[in-house]
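Presented below is the structure to which this report refers.
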Amino acid sequence: ADRADEREETLKNTNTKAMKKKLGIQGMTRSLSSLEDCKQGLLDLIEPTQRNLEKVETFVSEAHDKFNQAFEVPCPCCCMTRYVYDQPSRCLTELLENADRALDVNLQPFFELLQGLKDLIDLDMSRISKPTKRFAKLAAERVDLLDKIVAEARPSSGISPCCFRPFPLASPRADSASLASLQAKE
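Read in order, the letters of the sequence shown correspond to residues 33 to 218 in the working numbering.
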């Protein structure tokens with residue numbers, strides 16, 4: 033009996049409005065709509081960014097050769113180039129060291145990030161929104177059923193909270209009539 037009273041009390045205090053509020057998917061729908069609106073703009077940015085990253089990768093891989101070519105001694109003294117490389121200037125040394133550091137940078141994560149963005153943008157948003165809407169609809173139906181049960185469990189005039197059956201309300205007229213009939217019998 034105590035458990036039944038405990039369950040009934042818990043049922044009375046259930047807040048179905050909060051549950052219904054949590055089932056709202058308007059925020060997610062707005063976000064998906066915004067992402068859908070940004071698709072073309074993002075695609076327009078991804079392609080040039082990939083091309084520019086490829087250019088950077090090509091430049092870094094060719095940097096040593098280009099820097100060495102920049103410090104070659106021009107004709108007619110080109111035979112001196114070997115001596116220049118034996119005692120390179122500080123500028124050439126720093127350029128070659130920085131080119132080595134740039135070669136150590138792995139650009140592959142950037143390419144993967146751009147490819148991931150491209151795949152995400154190509155994603156059909158209905159693949160996300162349809163199941164979510166379906167779940168929210170089914171859950172809302174269940175919460176509505178719970179709401180009805182909670183409404184029945186809450187005491188209101190004329191309804192017995194434990195049995196969900198109406199019980200007669202005592203009215204002053206009925207009490208005086210009952211009292212008068214009892215007195216008449218005596």
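Heads up, the beta-carbon is just placed ideally off N, CA and C, and yes, glycines get one too. Quick caveat: nothing in here was measured; it's all calculated off a predicted structure.
Note that the C-beta distance between V175 and M51 is below 8 Å.
By the beta-carbon neighbour count (other beta carbons within 10 angstroms, threshold 16), A102 is exposed. One alpha carbon belongs to K98, the other to Q140, and they sit about 23 Å apart.
Judged by beta-carbon spacing, E104 lies beyond the 8 Å limit of T90, meaning their Cβ atoms are not closer than that value. When the alpha-carbon of K53 is set against those of A168, K180, L152, the nearest one is in A168. Three or more pairs of CB atoms, one per stretch, sit closer than 8 Å, so the segment 63-75 contacts the segment 142-156. In this chain, the alpha helix (DSSP H) harbouring C70 covers 58-102. For P141, the secondary structure class from DSSP, reduced to helix, strand or coil, is helix. Excluding five sequence positions before and after A171, the CB atoms of its chain that fall closer than 6 Å to its own CB belong to L55, given in chain order.
Cβ neighbours of A95 within its own chain (closer than 7 Å, five residues either side excluded): A131, A134.
Pairing C110 with V92, the inter-Cα distance amounts to about 26 Å.
In the three-state reduction of the DSSP assignment, M51 falls in the helix class, which pools H, G and I. In this structure, T46 and V182 form a Cβ contact; the two beta carbons are roughly 5 Å apart against a cut-off of 8 Å.
In the same chain as L75, and ignoring 5 residues on each side of it, the C-beta atoms closer than 8 Å to its own belong to K150, I153, in chain order.
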